[in-house]
Amino acid sequence: MKCFSRIYVLLCLCSQLLHSQSKEIQFLSGTDSEHTKEWDFWINGGRKSGNWNKIQVPSQWEQQGFGSYNYGRDYVTYGKNFKFNDEVGLYKHKFSVPNSWKGKSVNIVFEGSMTDTEVKINGKLAGEIHQGAFYEFKYDISGKLNFGKENILEVKVSKMSADKSVNNAERLADYWVLGGIFRPVYLEACPKENISATSIDAKADGTFRSNIYLKGIQAVDNLKVEIFDAKNTLVGESQIQIQTGDTLKHIQFSVKNPKLWTAETPNLYKAKFSLNKKRKNIFQTEEKFGFRTIEIKKGDGIYINGTKIKMKGINRHVWWPETGRAVNKNIDLMDAQFIKEMNMNAVRCSHYPPNKSFLQICDSLGLYVLDELAGWQKKYSTAVGKKLVKEMVTRDANHPSIIFWSNGNEGGHNFDLDTEYAKYDLSNRPVIHAHHKPGNAFNGIDCNHYEDYYSTKKILEGENIYMPTEFLHAQDDGGGGTSLADYWELHWNSQKGAGGFLWAFADEGLVRTDFNNQIDVNAINAPDGVVGPHREKEGSFYAIREIYSPVKIDLKTLPNDFNGIIPVENRYHFTNLNECQFEWKLVKFKTPFSLESGFQIIQKGKTESPNIKPTEKGNINLNLPSTWKEMEGLLLTATDSFGKEIYTWTWKIKCNDDISKQFSKFLIKEFPVSVSENDSLFILKSEEKEFSFGKKDGLLKSVILDKKGKKIIFRNGPVFVNGKTELSSIKSFAESENQVIEISYKDGKKVVWKLNQNGILELNYEYSLSGDYQFSGVSFDYPENYVISAKWLGKGPYHVWKNRTQGQTYNVWQNLRNSTRTGFSPWIYPEFKGYFDDISWMQLNTAEGKITVGTKEEKMFVRLFDFYGIYGAEGYPKLPTGNISFLDAIPPLGTVLAFNINNDTATLGPESEPNHLNGTFKRTLYFYFGLPNLGDENKQFIMPKENILTD
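Mind the numbering: the sequence shown is residues -20 to -1, 1 to 931 in mature numbering (1 follows the signal peptide of the UniProt record, and there is no 0), read in order.
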């Protein structure tokens, strides 16, 4: 028992010693949006106003059922007479602090509160009212606390600021305007003599410098700095003397051969700062950092550690639908991982500094960060702005991921603040202006927003580095990955192209607690993401992933003389491709009448990683087995040095002519074919099926499956989607054992229907075009609401546009019908409707039975039903006639900005031009309606009886 007592006393002494050496933290709120604490709350207006209630902290009070909602652009929508809800919330919370804190310096810290915040401790003001929603601020409340007793915290939060410039910069903005204490609140206790902040500058040559801000120095005589690597090995140290009253000390020394920090190699070190008195440690604090050097070479580019880099970036709001801007590290981690999954290397914190955990994750995963002072399109006053710059930079200065400070957005630049950042950032990072007007370059970098492809080209020929901090606005399904390939090639191949930042990461959809928890994206204002509110991936997500792949493979189809060698370009900045892994798979795809989707892996293997240096080109030799041509598909997966998949490319081995023979392979039963006619119709018959065709137009009029007259109302085709057709002649005749209907039109178009003995209805058509067209091909009619699902062999699973075919891979895919409009509820992805690429066959499962269609020729697009890429006064782009189309060309999609200006996507680059068509187009389609009568050996391809759809 005495032994146990001694151990307990020793542990207590060690605990006290640890507390005496380090900062102690006591949370008054919860730690994040998932871990909250209940406080008392009263609000002056809106829901649940006028009475004291309970609220979870941290949170946005609207999401807790209080007050009312505002979107920042409401003042634009509703005009000059509009007034924001100037709500004021009062918070109360009781807390205790230990007696052991007597004699210590105690701060209360708010990581973020919207917007003006007045703090009282035991009825006494903690300090001046804080103005600015997105910044960490603190008060020294040592003299206001009752130690060992109960204390009362009272916080008054005004949603709108008393300072007009704060409202202009933060609140009158194109995003949701919310209220409340949305980030954690806590106490921090330190010895009276302590380190209040540090600013680190660690260069690629191993030079380590730091400004150390000191507080209350009386008897401390020594400051020691130690550097530890990722394995916690001491790699460098130094110490300096301290005098009474010192408030700032500078230290400098070197570390030999440090591992450098980049987005590709996020090597982190730890600096331990210790205050010592007579060889006894009285206070210590730690900071993670990275060795890296940032250079802006005017007229050339942005350099990290002596290597020119290009930003593959995106804009990110701090956001979650249920909790607004109150988030947690799991959300931060998910977002950073998704950005990395898109093969991006950069993120802009639009339009305010994020919560701390996101920056820590960017440090550790490797993302270049633009940390931005708020100022959506108007600026802070100099007086307020100086305080907020100090708060932002002091908090964030040691993150190696931060490459730039962004002094406001699109006119929200107070030039008086440009020199303020360096006062608190020893590394003196470059300051940029994220602007939306040409001619506003700053520090040699032009960040102009939303230039088209050709104006971008012109800017890149100018004197400045060009790095648009917003481009390819991703409202609805436009922008994002659409047209990105052209823009990226322009930047990659230009000396002064520094890449840029897409707008934006996620649809800012808010769960409206006043509207039965529906998600609201504020009409066309906020569905701007390449992922949905809960991070549902849109088609652009995958297009970006392929376009930005650092392993660049341009091979679209396998050539006839393919020998397993694939040309590749290394678009890493620091990584040799021999650090990556490559695995191939040879596969056979599931058939139209199989129960399953996907493929069967027949053989796989790893290939030797090629020695290709950054930015250089070479080849990957797959060393495929000699039997590879007997397979149907080839897959190649690249994996990075961290074991993360970079991308998987797929290629067809068999051509569509071979694949289409699968239809006949399983249709082994044959039946006599006959033709009859009446005044208006030709009728082709086989077994119990009948197909009727109009004599006046040659179009399919009806499909009857059996003697009972069961129908599939697939009809009114083929209608050519360009121009009007006028019948020239129609005739029916026998061809061997099959029956044929041949139709000619006056403009030279031809259609031939042929019913084969195995039940396949064959369609051959041809047409000629010369000029620019949005689409070309033929259409049919079928009611969308009859369709249950689709299965197809082709690119997928997402739909495509002419200028966004990237990111989709060849496979057997299937998808249930949904009515998702990209960017809007219900965010079910992939979307069912749209243009689908490189289709070999497609099968629609309908309430009437199955409709299976295959093609003999290559590169067919299938259009499913009515959809638009961008929704304005009219949907855009226009659709072909009918609602199921088999196409040789599909339209490009613009952005909402291009759409609003002149409806012209061609300004977005070569891929975004209309289709330049000149020649004759021929295609053969094979239709099979219903389920086939298969032989016993093929029963595995039949749907189970209980799953066969009947009337």
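Every residue gets a Cβ at the ideal spot worked out from N, C-alpha and C, and that includes glycine. Note that the structure is a prediction, hence the values are computed from the model and not measured.
Helix, strand or coil at residue i according to DSSP, with G and I counted as helix
i: residue 363; result: helix
i: residue 124; result: helix
i: residue 158; result: coil
i: residue 314; result: helix
i: residue 955; result: Within the shown structure, residues of the chain are numbered from -20 to 931, placing residue 955 beyond reach of any answer.
i: residue 414; result: strand
i: residue 912; result: coil
i: residue 261; result: strand
i: residue 936; result: This structure does not reach residue 936, given that the chain is present from -20 up to 931, and the question cannot be answered.
i: residue 171; result: coil
i: residue -13; result: In this predicted model, residue -13 has a pLDDT of only 38, less than 50, meaning its place in the structure is not dependable; the value taken from the coordinates is given anyway. It is helical.
i: residue 938; result: No information on residue 938 is available, as it lies outside the stretch -20 to 931 that the chain covers here.
i: residue 621; result: coil
i: residue 647; result: coil
i: residue 918; result: In this predicted model, residue 918 has a pLDDT of only 44, less than 50, meaning its place in the structure is not dependable enough to derive any value.
i: residue 395; result: helix
i: residue 221; result: strand
i: residue 634; result: coil
i: residue 326; result: strand
i: residue 518; result: coil
i: residue 832; result: strand
i: residue 110; result: strand
i: residue 684; result: strand
Cβ separation of residue i and residue j, assumed to be a contact under 8 Å, to the nearest whole Å
i: residue 731; j: residue 698; result: 6 Å
i: residue 354; j: residue 114; result: 6 Å
i: residue 453; j: residue 494; result: Not confirmed; about 29 Å, so no contact.
i: residue 65; j: residue 47; result: 7 Å
i: residue 304; j: residue 158; result: 5 Å
i: residue 376; j: residue 351; result: 6 Å
Paired residues, beta bridge with residue i - DSSP
i: residue 666; result: 653, 669
i: residue 997; result: Because the chain spans -20 through 931 in this model, residue 997 falls outside it and cannot be assessed.
i: residue 770; result: 795, 824
i: residue 848; result: In the DSSP output, where bridge partners are listed per residue, residue 848 has none listed.
i: residue 426; result: 446
i: residue 547; result: 599
i: residue 505; result: BP columns for residue 505 are empty, so no partner.
i: residue 232; result: 189
i: residue 864; result: 760, 844
Residue closest to residue i, alpha-carbon to alpha-carbon, out of the options
i: residue 231; options: 264, 182, 389, 79; result: 182
i: residue 856; options: 781, 692, 705, 901; result: 781
i: residue 220; options: 13, 255, 275; result: 255
i: residue 214; options: 223, 236, 199, 399; result: 236
i: residue 247; options: 184, 464, 725; result: 184
i: residue 866; options: 2, 819, 693, 582; result: 819
i: residue 905; options: 566, 636, 610, 876; result: 636
i: residue 596; options: 631, 555, 611; result: 555
i: residue 743; options: 377, 834, 794, 669; result: 834
i: residue 178; options: 522, 122, 379; result: 379
i: residue 575; options: 387, 40, 770; result: 770
i: residue 631; options: 774, 674, 601; result: 774
i: residue 983; options: 268, 396, 843; result: The chain is shown only over -20 to 931; residue 983 falls outside these bounds and no answer can be derived.
i: residue 872; options: 449, 862, 320, 848; result: 848
i: residue 415; options: 551, 392, 558, 384; result: 392
Assess, as a yes-or-no matter, whether the segment 676 to 689 is touched by the segment 700 to 712 under the definition of 3 or more beta carbon pairs within less than 8 Å. yes
Between the segment 464 to 478 and the segment 438 to 454, do at least 3 Cβ pairs fall closer than 8 Å? yes
At least three beta-carbon pairs within less than 8 Å, the segment 890 to 899 to the segment 821 to 834: With the cut-off at 8 Å, the segment 890 to 899 and the segment 821 to 834 do not touch.
Are the segment 195 to 206 and the segment 150 to 166 touching, with three or more C-beta to C-beta distances below 8 Å? no
Between the segment 127 to 145 and the segment 337 to 354, are three or more C-beta pairs nearer than 8 Å? Remark: fewer than three beta-carbon pairs, one from each stretch, lie closer than 8 Å, so the segment 127 to 145 and the segment 337 to 354 are not flagged as touching.
Is it true that the segment 70 to 87 meets the segment 14 to 30, where meeting means three or more beta-carbon pairs spaced less than 8 Å apart? yes
Under 8 Å, with one C-beta from each stretch per pair, do the segment 278 to 298 and the segment 323 to 335 reach the 3-pair mark? Taking a contact to require three or more Cβ pairs closer than 8 Å, the segment 278 to 298 and the segment 323 to 335 qualify as touching.
Are the segment 515 to 529 and the segment 456 to 465 in contact at 8 Å, needing three or more beta carbon pairs? yes
Specify whether the segment 305 to 323 and the segment 135 to 145 touch according to this definition: at least 3 beta carbon pairs, one from each stretch, less than 8 Å apart. no
Could you check whether the segment 804 to 813 touches the segment 592 to 606, counting it as contact only if at least three pairs of C-beta atoms, one from each stretch, sit closer than 8 Å? no
Is it true that the segment 146 to 157 meets the segment 99 to 118, where meeting means three or more beta-carbon pairs spaced less than 8 Å apart? yes
Touching by the beta-carbon criterion (3+ pairs, under 8 Å), the segment 35 to 54 and the segment 5 to 17: yes
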